[in-house]
Amino acid sequence: MNELPRGTPEWWNARYLNADAPWDTGIVPPEVVALIESGEPQPGWALDLGCGSGVTSRYLAANGFRVVGVDLALSALSRAAQMAARQGLAAYFCQGDVTDLGFVQMRATLAVDVGCFHAVLPERRPAYVASLAERLLPGALYLLYTFEPFLSEQTGPSGLSPADLSTFAPRFGLRWAQHGFDRERLSAWHLWQRAHV
Ligand SMILES: C[S@@+](CC[C@H](N)C(=O)[O-])C[C@H]1O[C@@H](n2cnc3c(N)ncnc32)[C@H](O)[C@@H]1O
């Protein structure tokens, strides 16, 4: 049982250490693969927000990107870094909060977030969007996977709300959204593009 304060780095870390991380399947999401195989993302730096054990980060690095993976959970990050080093990949991992990416010095052509945004407290989500926007080059693509809005017994209203969606404009334009169903919840993939503003 994870008795630590929910959402803290220690809480996330304990989830990985206690094998309570059902998302950590080792599978690169097909939506990420499809985007890379489309050839649309421009070569350069990529950001993996809430990278966990770095499955997507390593895939991006194996496909020519230099990758920075950011997460709160040290145990996941150290596994990610060990595997990337073993495979000789240009994927680097930092413990940090995705709502304050001030420690990231580069500008990326691509960002991915597979399941982190909806874990960020609603009041910190505008900071996430602003911080990410500053670290993306104009025209950069940003692929986001989230749960759709639902009522959680533990946390109350959860998932990507209409208010969240509105925080992306005008810095991001929505290219497309695909709605689906995952682990008994409605979910969605969104592809955003960093505007020239
Ligand atoms: C559902 S998991 C997804 C992990 C990974 N993207 C994957 O697909 O395996 C969410 C991840 O976001 C991380 N996380 C949650 N809030 C965060 C925050 N504010 N800053 C950085 N990472 C965060 C957690 O530690 C966790 O690894």
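Residue numbers are given in our numbering: position 119 of the sequence shown equals residue 122, and the series is strictly consecutive. From the three backbone atoms N, C-alpha and C, an ideal C-beta is built for every residue, glycine too.
Practice task
Would you kindly work out how many angstroms separate the C-alpha atoms of glycine 118 and alanine 133, rounded to a whole number?
Solution key: Cα to Cα, glycine 118 sits roughly 18 Å from alanine 133.
Practice task
Evaluate the contact criterion for the stretch 67-76 versus the stretch 123-137: three or more CB pairs, one atom per stretch, below 8 Å.
Solution key: No: fewer than three Cβ pairs fall under 8 Å.
Practice task
Name the residue from Leu38, Ser41, Val31 and Cys54 whose alpha carbon lies nearest to the alpha carbon of tyrosine 19.
Solution key: Answer by Cα proximity: Cys54.
Exercise for the section: Assign asparagine 21 to buried or exposed, taking buried as 16 or more other Cβ atoms, counted over all protein chains shown, within 10 Å of its Cβ. Expected result: Here asparagine 21 is exposed. Its C-beta has fewer than 16 other C-beta atoms within 10 Å.
Problem - Beta-carbon gap between serine 161 and serine 155 smaller than 8 Å - result: Yes, the pair counts as a contact, with Cβ atoms nearer than the cut-off.
Exercise for the section: Let me know the alpha helix (DSSP H) ranges lying completely inside the stretch 101-181, each 4 residues or longer, listed in chain order. Expected result: Counting only runs of 4 or more, we get 128-137 and 165-170.
Practice task
Closer than 7 Å by C-beta to alanine 94: which residues in its own chain qualify, once you throw out the five before and the five after it? Chain order, please.
Solution key: Counting only Cβ-Cβ distances below 7 Å, and skipping sequence neighbours, we find Gly57, Ser60, Arg61, Ala64, Val70, Gly72 and Ala87.
Exercise for the section: With arginine 61 as the anchor, note down where its alpha helix (DSSP H) starts and where it stops. Expected result: That run of the alpha helix (DSSP H) goes 58-65.
Exercise for the section: Spell out the partners DSSP gives phenylalanine 184 in its beta bridges. Expected result: Phenylalanine 184 pairs with Leu189.
Practice task
Quick one: residues in its chain with C-beta nearer than 7 Å to the C-beta of leucine 7, no 5 flanking neighbours on either side, listed in chain order?
Solution key: Hits under 7 Å: Glu13, Trp14 and Ala17.
Handout entry: CA nearest to the CA of arginine 9, picked from Leu38, Asp51 and Leu75
Key = Out of Leu38, Asp51 and Leu75, Leu75 has the C-alpha closest to the C-alpha of arginine 9.
Exercise for the section: Kindly indicate which residue of Leu140, Tyr148, Ser164 and Glu151 has the alpha-carbon position closest to the one of arginine 174. Expected result: For arginine 174, the nearest C-alpha among the options comes from Leu140.
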